[in-house]
Each structure stands twice: as C-alpha cells, then as structure tokens.
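Q: The numbers in the UniProt record's numbering rise by one with no breaks, and the one at position 1 of the sequence shown is 1.
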Amino acid sequence: MKQVARKTTFSISELAEEFDITTRALRFYEDQGLLSPERDGQRRIYTRRDRVRLLLTLRGKRIGLSLQEIHELFSLYDAASDDEPQLMEFVKKLEKREQQLRTQMDDIRLVLGEIGQLKAQCEHFMARRTGGVPA
1 MKQVARKTTF SISELAEEFD ITTRALRFYE DQGLLSPERD GQRRIYTRRD RVRLLLTLRG
61 KRIGLSLQEI HELFSLYDAA SDDEPQLMEF VKKLEKREQQ LRTQMDDIRL VLGEIGQLKA
121 QCEHFMARRT GGVPA
C-alpha cells in the first residue's frame, strides 16, 4: 500500500485490481458522474482524487447507500467551502440507513422465531407419527 500512497495517477487496470472490481464497473461509475478521469486519447488516467472517490463509493455501497445518494454527497462536497453541510447530510443518510437495518434485523428475528416454531411443530408431528421422540 505504500506504493499507492506515493503514486499520483493510476490506470483503470491498476484501480480495478487494487479494489477487486472490474474495469466495466469503473467505467460505470464514471458514467454516473462519480469519477472523472483525465484522458490521454482512449486511455483513462485516474488521479488520487478519483481513487479516494472510488474508495468512498465502494464504502457507501457497502453500507447500503444508492449511487444517487453517493453522488449527492460528492456534489455537496464539491460545492461547499467547508465540510459541515456535507457531514450533516452524511449523518442524516447514515441515520436513515441505520434505522432501515434495525428494522430489517427486527423483521429477521421475527421470521427466525416463526421458522423455529414451524420447525418444532413439524418435528413434533413427525415424531408422533413414527412413535419416536422429537429431536
């Protein structure tokens, strides 16, 4: 990673390899306005800024933000003279995502409880039919 810290430009294949994504994904993020590499003919030249934006895009996706939400955060950052509006918006998005995940966890716990009950009922029914003891 030390070599990455010193580099100022990256090729599409270098970033794809570093982040374990396809070059097609990088081109897609570019089409979505998340990355803006310089061009040398057909060759894309990514800067450190593009690399950081890619890292943030992948993190945002991992926590469940849409590409549109990530784009909005980048736009806020690009337009702002200070970080506070972007950070406040990011906190709002994180709180919203956190609440969605908590709701999903509650739903999962409920469904797992129902599955456990159904499984126990089925095992009990099978044991009664065969004269055995439920597992």
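Glycine included, each C-beta is placed from N, C-alpha and C at the ideal position. Values in this document were obtained by computation on a predicted structure and should not be read as measured data.
Counting C-beta neighbours from all protein chains within 10 Å, is the total for T22 16 or more, i.e. buried, or is it exposed?
A: exposed
Q: Across which residues does DSSP place I115 in a beta bridge pair?
A: In DSSP, I115 forms no bridge with anything.
Q: Looking at C-alpha atoms only, which residue of T8, G33, F74, F19 is the closest neighbour of I45?
A: T8
Q: Could you tell me the boundaries of the alpha helix (DSSP H) in which D31 lies?
A: 23 to 31 is the span of the alpha helix (DSSP H), which, as asked, contains D31.
Q: Note the first and the last residue of the continuous alpha helix (DSSP H) segment covering T47.
A: Unbroken run through T47 is the beta strand (DSSP E), 43 to 47; no alpha helix (DSSP H).
Q: R53 and F74: beta carbons closer than 8 Å?
A: yes
Q: If I follow the unbroken beta strand (DSSP E) through D83, where does it start and stop?
A: For D83, no beta strand (DSSP E) run applies, since DSSP gives it neither H nor E.
Q: From what residue to what residue does the beta strand (DSSP E) around D40 run?
A: 38 to 40
Q: Leaving out five residues before and five after F10 in sequence, what residues of the same chain have Cβ atoms less than 7 Å from its Cβ?
A: Hits under 7 Å: Y46, R51.
Q: Using CA atoms only, rank isn't needed, just tell me which of T57, I63, S13 is closest to Y29.
A: That would be T57, whose Cα lies nearest to the Cα of Y29.
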